[in-house]
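Colleague: I have a structure here, written as structure tokens, and I will follow up with some questions on it.
In structure tokens, the structure reads:
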């Protein structure tokens, strides 16, 4: 369906219109999800909801940002997973079908694992859906460069100078730790640049 904001980076191959809806549903629980919801409020939409698969307390977003979002009118809908997007005759999204979750044992992330509750499906009205469900390292790394050492989550392992296990290859930013801040990425770049400079000075060019 249209008005599900994903694959925007592949435009115009994927037609992803950037419209301001009346009822916005943001799927995710991190800082990007909260930022998206707050921006939607500032754009003057009627209703903004953040749908998250775990409890509100388990949301990885900064607590103060969640509080500010709620103060601005954003509604948190916890313990739900999207099942499908429902469109109208023009294939424009009008509803999202969710299933309710229950929390079980603590998983590798240190948080309770959400499990769908059978028969708990329900619909939520929404004419704009934003997917803000995080990111992971591209698996193509292990396929194309098998000798590159990665951690258990697929991120590149580096030393204190940002060097990887491959000669003449440095790395930094989200690919070495997952989603983080721009400041951390800039710091990685500075360390890598200093290491590369030292490396080149020591070589005959």
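Numbering (our numbering), first residue to last: 92 to 296. Where is the CB? At the ideal position from N, CA and C, for every residue including glycine. Quantities reported herein were computed from a predicted structural model and do not represent experimental measurements.
(1) My parser needs the beta strand (DSSP E) runs of 3 or more residues fully inside the segment 139-212; what are they?
(2) One question on the structure: do residue 178 and residue 143 come within less than 9 Å of each other, judged by their Cβ atoms?
(3) Among 266, 285, 149, 293, whose alpha-carbon lies nearest the alpha-carbon of residue 204?
(4) Give the range of the beta strand (DSSP E) segment to which residue 111 is assigned.
(5) Rounded to a whole number of angstroms, what is the C-alpha to C-alpha distance between residue 138 and residue 164?
(6) So residue 220 is in the beta strand (DSSP E); what residue range does that whole segment cover?
(7) Going by Cα to Cα distance, which pick from 189, 151, 216 is closest to residue 113?
(8) Whose C-alpha, out of 111, 245, 226, is nearest the C-alpha of residue 234?
(9) Can you tell me which residues form a DSSP beta bridge with residue 216?
(10) Roughly how many whole angstroms lie between the Cα atoms of residue 159 and residue 128?
(11) According to DSSP, is residue 248 helix, strand or coil?
(12) Can you check whether the CB of residue 157 is closer than 9 Å to the CB of residue 147?
(13) With three or more C-beta pairs closer than 8 Å as the rule, is the segment 208-223 touching the segment 181-197?
(14) Please state whether the Cβ-Cβ distance between residue 263 and residue 253 is less than 9 Å.
(15) Pop quiz: residue 223 and residue 124 are said to be a contact at Cβ under 8 Å. What is the actual Cβ separation, rounded to whole angstroms?
(16) Ordered along the chain, which non-local residues of its own chain (more than five positions away) have a Cβ less than 7 Å from that of residue 134?
Modeller: Concretely, from the data shown:
(1) 166-168, 171-178, 184-197, 203-207
(2) For the purposes of this step, residue 178 is taken as residue 87 along the chain shown, with counting starting at 1. For the purposes of this step, residue 143 is taken as residue 52 along the chain shown, with counting starting at 1. Going by C-beta atoms, residue 178 is not nearer than 9 Å to residue 143.
(3) On the chain shown, position 113 is the one that residue 204 refers to. Checking every option, the nearest Cα to that of residue 204 belongs to 149.
(4) Indexing the chain shown from 1 puts residue 111 at position 20. It is not in any beta strand (DSSP E) - residue 111 carries neither H nor E in the DSSP assignment.
(5) On the chain shown, residue 138 is found 47 positions in, with the first residue counted as 1. On the chain shown, residue 164 is found 73 positions in, with the first residue counted as 1. Residue 138 and residue 164: Cα-Cα distance of roughly 8 Å.
(6) What you label residue 220 is simply residue 129 of the chain shown in a count that begins at 1. Unbroken beta strand (DSSP E) run through residue 220: 219-222.
(7) Stepping through the chain shown from its first residue, residue 113 is reached at position 22. The option with the nearest alpha carbon to residue 113 is 216.
(8) Counted from its first residue, the chain shown places residue 234 at position 143. When each option's Cα is compared against that of residue 234, the closest is 245.
(9) For the purposes of this step, residue 216 is identified with residue 125 of the chain shown, where counting begins at 1. BP columns for residue 216 point to 186.
(10) Taking the first residue of the chain shown as position 1, residue 159 is located at position 68. Taking the first residue of the chain shown as position 1, residue 128 is located at position 37. One C-alpha to the other measures close to 11 Å.
(11) On the chain shown, position 157 is the one that residue 248 refers to. Reduced to three states, the DSSP call for residue 248 is coil.
(12) Here the question's residue 147 lines up with position 56 in the chain shown. Here the question's residue 157 lines up with position 66 in the chain shown. Yes. Within cutoff.
(13) The segment 181-197, when compared against the segment 208-223, does touch it at the 8 Å Cβ threshold.
(14) Sequence index remark: in the chain shown, residue 263 carries index 172 (1-based). Sequence index remark: in the chain shown, residue 253 carries index 162 (1-based). Contact flag set, yes.
(15) Reading the chain shown from its first residue, position 132 is the one you call residue 223. Reading the chain shown from its first residue, position 33 is the one you call residue 124. The pair is a contact, with the Cβ atoms about 4 Å apart (cut-off 8 Å).
(16) Counting from one through the chain shown, the residue named residue 134 turns up at place 43. If we look at residue 134 and ignore the five residues flanking it on each side, its Cβ neighbours are 111.
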